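Just so you know, the protein sequences line up as chains A and B, in that order.
When the first sequence is numbered by the working numbering, its final residue is 401 and no position is left out of the sequence of numbers.
When the second sequence is numbered by the working numbering, its final residue is 401 and no position is left out of the sequence of numbers.
Protein chains: 2
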Amino acid sequence: MKSTSRDIRLRNCFAVLRHLIADAPTSRQILARETDLSVATVSNLVTDLIELGVVVEVGREDSGGGRPRALLAPHAGGGVMIGVDVAETYVQLEAYDLALTVVDRAEERMEASETSPDQVIGHIAAAMDQVRGRLGDRAILGVGVSLPGQVDVTWGVSGFAPNWDWHDVPFRRLLTERLRLDVPVYLDNPLKTITVGELWFGDGRGVDRLAVLILGTGVGAGLAFGGQLYRGATNSAGEWGHTTIDPAGPQCRCGATGCIEAYVGAPAILRQWDEFGGRAAGSQTEAMAALAAAWEAGEPAAVRTVETVAESLAAGAANLLNLVNPDLVVLDGWVTAALGDALVPEFERRLAAHALEAPLKAARLKRNTQERNMVALGAAALALEGHLNRLNTVGSRSRR
Amino acid sequence: MKSTSRDIRLRNCFAVLRHLIADAPTSRQILARETDLSVATVSNLVTDLIELGVVVEVGREDSGGGRPRALLAPHAGGGVMIGVDVAETYVQLEAYDLALTVVDRAEERMEASETSPDQVIGHIAAAMDQVRGRLGDRAILGVGVSLPGQVDVTWGVSGFAPNWDWHDVPFRRLLTERLRLDVPVYLDNPLKTITVGELWFGDGRGVDRLAVLILGTGVGAGLAFGGQLYRGATNSAGEWGHTTIDPAGPQCRCGATGCIEAYVGAPAILRQWDEFGGRAAGSQTEAMAALAAAWEAGEPAAVRTVETVAESLAAGAANLLNLVNPDLVVLDGWVTAALGDALVPEFERRLAAHALEAPLKAARLKRNTQERNMVALGAAALALEGHLNRLNTVGSRSRR
Ligand SMILES: [Zn+2]
Ligand SMILES: [Zn+2]
């Protein structure tokens, strides 16, 4: 519970750099106005960010009579962060510059039979080799990896990955050894990395109380307060997918019944479509695309499925709104991308029947419409946050 | 989202003073160890707290060879805070010294017919007159008032008080005028004041992620992160009582169905006892005491009621655990006091069937067993927090 000037400094640094990435080129004066910090505070932070190689001066602008102001930008030619999205069927690895632009990527397909840590790490290593070859001697500042399941971020351990039946796998150590990495590796799960991605490069930027609802094969939420990811006591915060909306409801894979995930997770959506007489065939993503197309064509089973799922989603989201009272709710995840045109308007319409008036009015609703891989972006942003933490150990501490 | 050194300073000040109140007499060195702050930081804060009249040196202790250390204590002879608990049937007003010890109190009964702001304020004024007379010229540092319903804390307005059908009553202005107060008045609802009370004088002291479940006529939760009350975007956070655990469930007074409050609020508990064949007679509190006695005597309807209510409570609490992942859950409110011996063990037993393993293991469970009025205490603590805010405007800013 200790609060230090280092925490404050880091939080302000995140805010300044997020605005800088969004609005570059920009000036210390504009950054001060946008972050609500003093010009002196921003100037100190910017000096340190320049010293750290994260920010550069790119020119000067006329300030209307006064002294021309220096223009700042992220140091796009500086180091890169690696973000890795490890899913059941693929590994996507992306390299980002300090403006969080993708500078390179590699993808590996994984077979369902490849479930050992060695096999998964093998695919990451193969993707990394490709990208490292092309990056040449450009410095890697850090590596962020998103792994499904429960992750112990302090120890870099995969506590439990249900798809692969992993228990307490020392993933960070294994990965660091295999890749012969001499930079920090940050591990977390997709709920967390997507939320960090939203803070750095999505609608969550500058939002004080953020909730991200992530709809995919699994379902969960990411919470962030004051521009920082909220992890809870044991990094389990956001298990919204396993909150109950009806104890008499269907069985959930977590062992309980009537969890939100048992209604709005991809398998549950496709099961409902099937029960209403639709035809969910092919892979999960193919079937979800077919459902979206059937809804578009007005197929009654598809329309009914979307309505039913929207109703469950509204009940679950209202619970979160009433308890957390966020400023912004972002819908994200591959199911949102695939079925959002149908689902999101139905969901919004039904929310008022479940949420209290005050939190409903307070919460803006957004759907992530970025084409980017927010899991990999957020993993890379975790590495960037780790790198920025060095602000507190290098350079100009005397100025503070 | 701006984070300033003032925020940090205030948060650290709260931590230091909370330990000081709990452990007095104590030294700067022990406070530093307990708060995990540096001795220099603690010393600066203590100097300012002394200057503000909140803390005094009360002696010296031998430090085992070294220089004797000054012993510190809250300035119990200094100013007082007033905490007011406004409920449907009574007004309880308590005066607290800076050690948060009650130094005086007054109580007024209210008739069900007394529903106008004027009548309620009249009772507060009558209680205040009694206490002010006895306090003599002892300085009042601030007044905190807990009002049922929705409160706009910034403007001091009761946005909505359902019992009295109040809408947008400028309560703080009316109270300040009527009482001719020249000290700050802080307004909030019982969910918030009880939680602040737990932070200052309960099990929540020093806890990073705290959830307080408040069981009474209404039901709700208080959340606190980093030692500070979490209000949400519009001070509506914690409306846990109106999260749904079964959409097909009973009607709730909020308009929705199947809210937790519709299962575990006092009227719902007594209704269930009735339905199971019990005899809920007399006032709500009398009937609840009768239910507790019947359970103690093994009356089957009472046993079944407690089991059913515990099951609903466990489902609702598990949702909060899974989403928020707190370090500590405190059960509070008058129903917890009246029925806790029966309800709490049944509740704890059932929680594992609903909560995920990680958040369940992380959360300690406590029942508030203090005999104190936590609503009034928390309201007074809000006034104390307001007074401490002056740290940032008076005295020794140059030392920071
Ligand atoms: Zn579940
Ligand atoms: Zn309700």
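Glycine included, every Cβ here is placed at the ideal spot set by N, Cα and C.
Quantities reported herein were computed from a predicted structural model and do not represent experimental measurements.
### Message
Using the three-state DSSP reduction, which class does R34 (chain A) fall into: helix, strand or coil?
### Response
helix
### Message
I need the straight-line Cα distance from L314 (chain A) to P26 (chain B), nearest angstrom please.
### Response
54 Å
### Message
Is E457 (chain B) a contact residue of ligand 2, with contact defined as CB to any heavy atom under 8 Å?
### Response
No answer is possible for residue 457 (chain B): it lies beyond the span of chain B, which begins at 2 and ends at 401.
### Query
Can you tell which of A:A225, A:L192, A:I215 and A:A126 has its C-alpha closest to the C-alpha of L176 (chain A)?
A:A126
### Task
Report all residues for which the CB-ligand distance to some heavy atom of ligand 2 is below 6 Å; order them along the chain.
B:H243, B:C253, B:C255, B:A257, B:C260 and B:E262
### Query
Excluding five sequence neighbours on each side, which residues of the same chain lie with their C-beta closer than 8 Å to the C-beta of P484 (chain B)?
Residue 484 (chain B) lies beyond the stretch modelled for chain B, which goes from 2 to 401, so this question has no answer here.
### Message
Can you confirm whether P149 (chain A), when its beta carbon is compared against all beta carbons of chain B, has any partner nearer than 9 Å?
### Response
no
### Task
Mind checking the stretch 60 to 80 of chain A against chain B and listing, in chain order, the residues whose C-beta falls within less than 9 Å of any C-beta there?
none
### Task
Kindly say whether G239 (chain B), judged by its beta-carbon, lies nearer than 9 Å to any beta-carbon of chain A.
yes
### Task
Measuring only between beta-carbons, confirm whether G396 (chain B) sits less than 9 Å from chain A.
Interpretation of G396 (chain B) is limited by its pLDDT of 45, a score under 50 that renders its predicted location unreliable; no figure is taken from the coordinates.
### Query
For A364 (chain A), which option in A:H388, A:A319, A:A302 and A:G256 has the closest C-alpha, if you only look at C-alpha atoms?
A:A319
### 4-residue-minimum alpha helix (DSSP H) runs that sit fully inside the stretch 184 to 232 of chain B, ordered along the chain
191 to 202
#### Entry: Cross-chain neighbours of V325 (chain A) in chain B, by beta carbon under 7 Å
G233 and A238
#### Entry: K362 (chain A) at chain B interface by Cβ criterion, 9 Å
yes
### Per-residue burial, R232 (chain B) [other beta carbons within 10 Å of its own, 16 or more giving buried]
buried
### Query
If you measure from the beta carbon of A224 (chain A) to each beta carbon in chain B, is any gap under 9 Å?
Here the sequence assigns Leu to residue 224 (chain A), which means Ala is not the residue at that position. Yes, contact with chain B.
#### Entry: chain A contacts from the stretch 321 to 354 of chain B (Cβ-Cβ distance under 8 Å)
L321, N323, L324, V325, N326, P327, D328 and A354
### Query
Buried or exposed: A234 (chain B), going by 16 or more other Cβ atoms within 10 Å of its Cβ?
buried
### Query
Mapping DSSP to helix, strand and coil, what is P118 (chain A)?
helix
### Query
Alpha carbon to alpha carbon, how far is A225 (chain A) from E347 (chain B)?
34 Å
#### Entry: Which of helix, strand or coil DSSP assigns to P346 (chain B)
helix
### Query
If we call anything under 9 Å between Cβ atoms a contact, is D105 (chain B) one with N374 (chain B)?
no
### Message
Here's the rule: buried if 16 or more other CB atoms are within 10 angstroms of the residue's CB, otherwise exposed. What is Q273 (chain B)?
### Response
buried
### Query
Within 10 angstroms of its Cβ, does R398 (chain A) collect 16 or more other Cβ (buried), or is it exposed?
Confidence is the limiting factor: at R398 (chain A) the pLDDT is only 46, short of 50, which leaves the residue's position unreliable and the question unanswerable from this model.
### Query
What is the residue span of the alpha helix (DSSP H) that R174 (chain B) lies within?
F172 to L180
### Task
Measure the C-alpha to C-alpha separation of G334 (chain A) and N326 (chain B) and round it to an integer number of angstroms.
22 Å
### Query
From B:V56, B:R7 and B:P191, pick the residue whose C-alpha is nearest to that of G80 (chain B); which is it?
B:V56
### Query
Can you tell me whether DSSP reads D166 (chain A) as helix, strand or coil?
coil
### Query
Quick one, are the C-beta atoms of D169 (chain A) and V158 (chain A) less than 9 Å apart?
yes
### Beta-bridge pairing of L329 (chain A) - partner residues as DSSP gives them
A:L211 and A:R365
### Message
Can you find the residues in the same chain that come closer than 6 Å, C-beta to C-beta, to P171 (chain B), ignoring five residues on each side of it along the sequence?
### Response
V158
### Task
May I have the straight-line CA-CA distance separating K367 (chain B) from V331 (chain B), to the nearest angstrom?
5 Å
### Query
In chain order, what residues of the same chain lie with their CB nearer than 7 Å to the CB of I122 (chain B), ignoring the 5 residues before and after it?
L175, L176 and R179
### Task
Use the C-beta contact count for K193 (chain A): other C-beta atoms within 10 angstroms, 16 or more gives buried, fewer gives exposed.
buried
### Query
Which word fits A238 (chain A), buried or exposed, when buried means at least 16 other C-beta atoms lie within 10 angstroms of its C-beta?
buried
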